[in-house]
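Visitor: The structure's right below; bear with me while I get my questions together.
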DNA sequence: ATTTTATGTCAGCACTGTTGACTTATTTTT
DNA sequence: AAAAATAAGTCAACAGTGCTGACATAAAAT
């Protein structure tokens, strides 16, 4: 099925093209989260816990505010899951060195282990999709998703400029 | 767009590449749903209502079972939102002609109007992302997302073979 | 006539989001 | 030094959306 004729010709976007994109996002996200959700159940956790564990693992020593900015939820919502994770020994908090009001977050060994387990499943799925689609497609995937993300958060993905 | 040339065909996928993909999906989906969620609030509805309205609009006359298959939720969960939408006149049910146990679903005018309003926001966002990324990128986006979707649902996206 | 299927309903529970009100440390500003 | 702002947390109540389990009804299939 000759792909050279690229179905979407820049300026001519039919309703069906856009709806297909919408549906792809729905189905892909649904399946992307399905497996980790199962694993989380075994720990009595939900998707919110995964997000916290993921981003803390990714940014050790981050503050609660930074985490709130990423998740875009209220501190009361975060407090619930974060509290559980701290009490159950998946995350530790230590006061900031310059600003002692801050509670810098990082994973414990146990937290890191769970993070690995959860993310492993998603990494494998993404790896499979990347491989079957090819390097060029991955580049396109990145470009389009980036375009869906609000300008502020988009810069999280800019190459090497430290934030 | 010669796909054979993919620079590294057996992609060398570093942990960071995969994590970037994971994060792109998270942020993109978060922002992709944000606007419609706001609109839904004005109607006292949630994201689940949107999904129902969307898929019923897309497949007029579909059965409840088909809808359940797509959403992958229980009938009790669906029942709640579907019931609300029916009682409030966004969706109508009529018995199937060959199998009168079925309740075929379709949008009322009011439902179609809401569907348009909601999906319009997402269509606009996808259109923007598509345009800024370019036709080739869109093709890649499709390929990768398709690879994330389970095999069974993947065929919803195969070109013209009716299912 | 019996069983299966399509659909719905009631009840209760869990997770995750919200708002609002208030507290405690600490830092910043005046 | 006093006042104000900030980082973080807490309690309470509520809403939306999943889930399981149990049961009901009508129609179709066997």
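Residue numbers (full-length UniProt numbering), protein chains in the order written: chain A, 1 to 163; chain B, 1 to 163. Glycine included, C-beta positions come from ideal geometry on N, C-alpha and C.
Going by DSSP in three states, residue 73/A sits in which element: helix, strand or coil?
Guide: Here residue 73/A sits in coil by DSSP.
Visitor: Is residue 22/A near residue 56/A, with beta carbons less than 8 Å apart?
Guide: No. Outside cutoff.
Visitor: On the DSSP letters alone, give me the boundaries of the beta strand (DSSP E) that residue 105/B sits inside.
Guide: Residue 105/B -> beta strand (DSSP E) spans 103 to 107.
Visitor: Where does residue 76/A land, buried or exposed, given buried means 16+ other C-beta within 10 angstroms?
Guide: By the neighbour-count rule (16 or more Cβ atoms within 10 Å), residue 76/A is not buried but exposed.
Visitor: Determine the DSSP secondary structure at residue 14/B, reduced to helix, strand or coil.
Guide: Coil, per DSSP.
Visitor: Quick check on residue 72/B - is its C-beta less than 8 Å from some C-beta in chain A?
Guide: It does: the Cβ of residue 72/B has a partner Cβ on chain A nearer than 8 Å.
Visitor: Can you tell me the Cα-Cα spacing of residue 27/B and residue 125/B, whole angstroms?
Guide: About 14 Å.
Visitor: Is there contact here, the stretch 48 to 55 of chain A with the stretch 77 to 88 of chain A, by at least three beta-carbon pairs under 8 Å?
Guide: Yes: at least three Cβ pairs fall under 8 Å.
Visitor: Residue 15/A: buried (16+ other C-beta within 10 angstroms of its C-beta) or exposed?
Guide: Its Cβ having fewer than 16 others within 10 Å, residue 15/A is exposed.
Visitor: Which whole-angstrom value is the C-beta distance of residue 121/A and residue 36/A, which I expect to be below 8 Å?
Guide: With 8 Å as the limit, residue 121/A and residue 36/A qualify as a contact, their Cβ atoms being about 5 Å apart.
Visitor: Along the chain, where does the beta strand (DSSP E) containing residue 165/B start, and where does it finish?
Guide: No statement about residue 165/B is possible, as the shown extent of chain B runs from 1 to 163 and does not include it.
Visitor: Give a yes or no on whether the minimum CB-CB distance between residue 149/A and chain B is below 8 Å.
Guide: Yes, because at least one Cβ of chain B sits closer than 8 Å to the Cβ of residue 149/A.
Visitor: Can the beta-carbon of residue 31/B be found less than 8 Å from the beta-carbon of residue 148/A?
Guide: In this structure, residue 148/A lies closer than 8 Å to residue 31/B by Cβ.
Visitor: Grab the span of the alpha helix (DSSP H) containing residue 141/B for me, first residue to last.
Guide: Unbroken alpha helix (DSSP H) run through residue 141/B: 135 to 148.
Visitor: Report back the beta-carbon spacing between residue 146/A and residue 146/B to the nearest angstrom; my notes put them in contact at under 8 Å.
Guide: The Cβ separation is near 19 Å, so there is no contact.
Visitor: Below 9 Å on C-beta distance, what does residue 91/B contact in chain A?
Guide: Ordered by position in chain A, no residue passes the 9 Å Cβ test against residue 91/B, which lies about 19 Å from the chain.
Visitor: Start and end of the alpha helix (DSSP H) containing residue 98/B?
Guide: Looking at the DSSP string, residue 98/B is not in any alpha helix (DSSP H), and its letter there is neither H nor E.
Visitor: Considering only the alpha carbon of each residue, which of 131/A, 54/A, 64/A, 89/A lies closest to residue 100/A?
Guide: Among 131/A, 54/A, 64/A, 89/A, the Cα nearest to that of residue 100/A is on 64/A.
Visitor: Looking only at C-alpha atoms, which of 111/B, 34/B, 17/B, 141/B sits nearest to residue 60/B?
Guide: For the residues 111/B, 34/B, 17/B, 141/B, the minimum Cα distance to residue 60/B belongs to 111/B.
Visitor: Of the choices 34/B, 137/B, 117/B, 132/B, whose alpha-carbon is the least far from that of residue 71/A?
Guide: Looking at the Cα atoms, 34/B is the closest of the given residues.
Visitor: Since I believe residue 138/B is in contact with residue 144/A (beta carbons under 8 Å), could you give me their beta-carbon distance rounded to a whole number of angstroms?
Guide: The pair is a contact, with the Cβ atoms about 6 Å apart (cut-off 8 Å).
Visitor: Which chain B residues sit within Cβ distance under 7 Å of residue 133/A?
Guide: Residues of chain B passing the Cβ test: 140, 143, 144, 147.
Visitor: Taking all protein chains shown into account, decide if residue 134/A is buried (16 or more other Cβ within 10 angstroms of its Cβ) or exposed.
Guide: With 16 or more other Cβ atoms within 10 Å, it is buried.
Visitor: Consider the Cβ of residue 136/B: report whether some Cβ of chain A lies at a distance smaller than 8 Å.
Guide: Taking Cβ atoms only, chain A reaches closer than 8 Å to residue 136/B, which makes this a yes.
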